[in-house]
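In this note's numbering, the protein residues as written are 95 to 199.
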């Protein structure tokens with residue numbers, strides 16, 4: 095699996111350190127909350143809510159340059175809306191990878 099990176103953020107910010115810092119701050123604040131909400135909804139069996147959580151998380155996945163993981167999130171979101179959780183383990187690995195990456199920022 096590809097590792098998260100700041101390359102996409104750096105491209106968006108075009109050298110602006112303040113822009114980069116703001117986006118990183120948003121990631122550090124929002125990602126843990128959204129990931130925890132996803133987990134809580136999953137534990138309660140609220141799969142439609144999980145799909146909404148995955149929808150929000152997939153944008154953070156994308157901005158961290160994880161194209162394949164983004165595609166998996168798109169598929170998983172659709173799967174959740176159908177009441178299926180087959181891609182859960184793979185999605186959880188993506189979330190773990192991002193959690194570890196954010197700790198280094």
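We treat Cβ as the ideally placed atom computed from N, Cα and C, and that holds for glycine. Source: prediction; values computed, not measured.
For residue 174 against residue 141, the beta-carbon gap comes to about 5 Å, under 8 Å, which counts as contact. Judged by their CB atoms, residue 171 and residue 153 are not nearer to each other than the 9 Å cut-off.
Shown here, residue 140 sits in coil according to DSSP, grouped into three states, outside any helix or strand. Note that the segment 130-141 does not touch the segment 105-115; fewer than 3 beta-carbon pairs, one per stretch, sit closer than 8 Å. Within the segment 141-199, the complete alpha helix (DSSP H) runs of at least 4 residues fall at 141-157, 161-175 and 182-197. Its chain contains 156, 157, 158 and 159 as the residues whose beta carbon lies nearer than 8 Å to that of residue 102, once the 5 sequence neighbours on both sides are disregarded; these appear in chain order.
Residue 125 is positioned such that its CB atom lies no closer than 9 Å to that of residue 178. The three-state secondary structure of residue 121, taken from DSSP, is helix.
The alpha-carbon of residue 182 is positioned some 25 Å away from that of residue 120. Shown here, residue 110 sits in coil according to DSSP, grouped into three states, outside any helix or strand.
Rounded to the nearest angstrom, the gap between the Cα atoms of residue 145 and residue 98 is 22 Å.
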